[in-house]
């Protein structure tokens, strides 16, 4: 991937982010979305700034980006808060910043990186993330999952993926991934951050049957959860599961969940992340 310096007066530099950068970073994000700014500030306070960077130009912070690795996966990463100051858009700096970040992920042997993008259409500003989406696509990111009405009614979430190593590309039918049949049980629910009325269930896997008995989750369990979310004011439920857990499909389908798509090779080569949704307005 060729890193071409944008046509600007000074030389941009991507350096580690420090706590002293936080007010400027939050201000940059707030221009686009005040909810994102609040969520980013909380994320940095709660989870730290490791693997996050700011773009500096002529001694001023004009952008932020970073990544977070996914536990229990084979070198999978998510692109984190990536924003460029509005006054510096249209100069190639956002693409330069993201290219630099991708190179840093490659340096830690990252295998695949994903990014979430909203299609939010602001009444005054229009589709404020359209330029970011086009930039990601120009770098080779490909849309893998679109969750309709994820953030709010009329605002979808697109998840794009980018392979970072040559061995990440392969034909599914050439891989033999063993299916697993552990006991899966739900243990709670919560509204998804940065959404209006989108919920998910917390679940856990246990291989020791004596802890939960021999029963896997059932349609009845899901229906209890659906009613609880609806009573809490939720409008949609989104769930994700590894692709090698075959026991999930029948009860999910029977309870009215729809298959949305998959993040290919999310956990490891041949083990994808399946996405499902349920529209509570239909019950």
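Numbering (the working numbering), first residue to last: 11 to 293. Glycine included, each C-beta is placed from N, C-alpha and C at the ideal position.
DSSP-derived helix/strand/coil call for residue i
| i | result |
| --- | --- |
| residue 96 | helix |
| residue 138 | coil |
| residue 32 | helix |
| residue 54 | helix |
| residue 108 | helix |
| residue 173 | strand |
| residue 148 | helix |
| residue 103 | helix |
| residue 143 | helix |
| residue 167 | strand |
| residue 180 | Here residue 180 scores only 46 on pLDDT, less than 50, and its place in the model should not be relied on; the value that follows carries that caveat. Coil, per DSSP. |
| residue 293 | coil |
| residue 286 | strand |
| residue 204 | coil |
| residue 187 | coil |
| residue 222 | Its pLDDT being 49, under 50, residue 222 is placed unreliably in this model, and the value from its coordinates should be taken loosely. It is helical. |
| residue 72 | strand |
| residue 46 | helix |
Boundaries (first-last residue) of the beta strand (DSSP E) holding residue i
| i | result |
| --- | --- |
| residue 274 | 268-278 |
| residue 67 | 62-67 |
| residue 24 | 23-26 |
| residue 126 | 122-128 |
| residue 86 | 86-89 |
| residue 210 | 208-216 |
| residue 198 | 193-201 |
| residue 80 | It is not in any beta strand (DSSP E) - residue 80 carries neither H nor E in the DSSP assignment. |
| residue 252 | 246-252 |
Closest by C-alpha distance to residue i, when choosing among the options
| i | options | result |
| --- | --- | --- |
| residue 27 | 56, 52, 75 | 75 |
| residue 227 | 41, 265, 206, 237 | 265 |
| residue 283 | 270, 289, 57 | 270 |
| residue 332 | 280, 293, 252, 275 | There is simply no residue 332 to check, as the chain begins at 11 and stops at 293 in what is shown. |
| residue 289 | 237, 261, 155, 148 | 237 |
| residue 73 | 99, 54, 293 | 99 |
| residue 87 | 212, 125, 208 | 125 |
| residue 78 | 47, 21, 57, 212 | 57 |
| residue 164 | 129, 116, 214 | 129 |
| residue 206 | 213, 215, 242 | 242 |
Spatial distance of residue i from residue j (CA atoms)
| i | j | result |
| --- | --- | --- |
| residue 200 | residue 104 | 34 Å |
| residue 141 | residue 231 | 42 Å |
| residue 132 | residue 166 | 13 Å |
| residue 24 | residue 110 | 7 Å |
| residue 172 | residue 122 | 6 Å |
| residue 263 | residue 247 | 14 Å |
| residue 31 | residue 107 | 16 Å |
| residue 258 | residue 90 | 30 Å |
| residue 94 | residue 278 | 32 Å |
| residue 66 | residue 250 | 37 Å |
| residue 41 | residue 197 | 37 Å |
| residue 35 | residue 170 | 24 Å |
| residue 83 | residue 276 | 7 Å |
| residue 159 | residue 291 | 12 Å |
| residue 261 | residue 97 | 51 Å |
| residue 184 | residue 176 | The predicted model places residue 184 with a pLDDT of 48, which falls under 50 and marks its position as unreliable, so this point remains unresolved. |
| residue 191 | residue 234 | 23 Å |
| residue 152 | residue 144 | 11 Å |
| residue 240 | residue 37 | 35 Å |
| residue 148 | residue 92 | 16 Å |
| residue 45 | residue 61 | 22 Å |
| residue 208 | residue 244 | 6 Å |
| residue 281 | residue 157 | 20 Å |
| residue 29 | residue 43 | 21 Å |
| residue 274 | residue 134 | 36 Å |
| residue 102 | residue 119 | 26 Å |
| residue 20 | residue 54 | 29 Å |
| residue 202 | residue 211 | 10 Å |
Residue range of the alpha helix (DSSP H) that includes residue i
| i | result |
| --- | --- |
| residue 262 | 259-264 |
| residue 237 | 229-241 |
Any non-hydrogen atom of the ligand ZN within 7 Å of residue i CB
| i | result |
| --- | --- |
| residue 26 | Although the ligand ZN was asked about, the structure shown includes no ligands whatsoever. |
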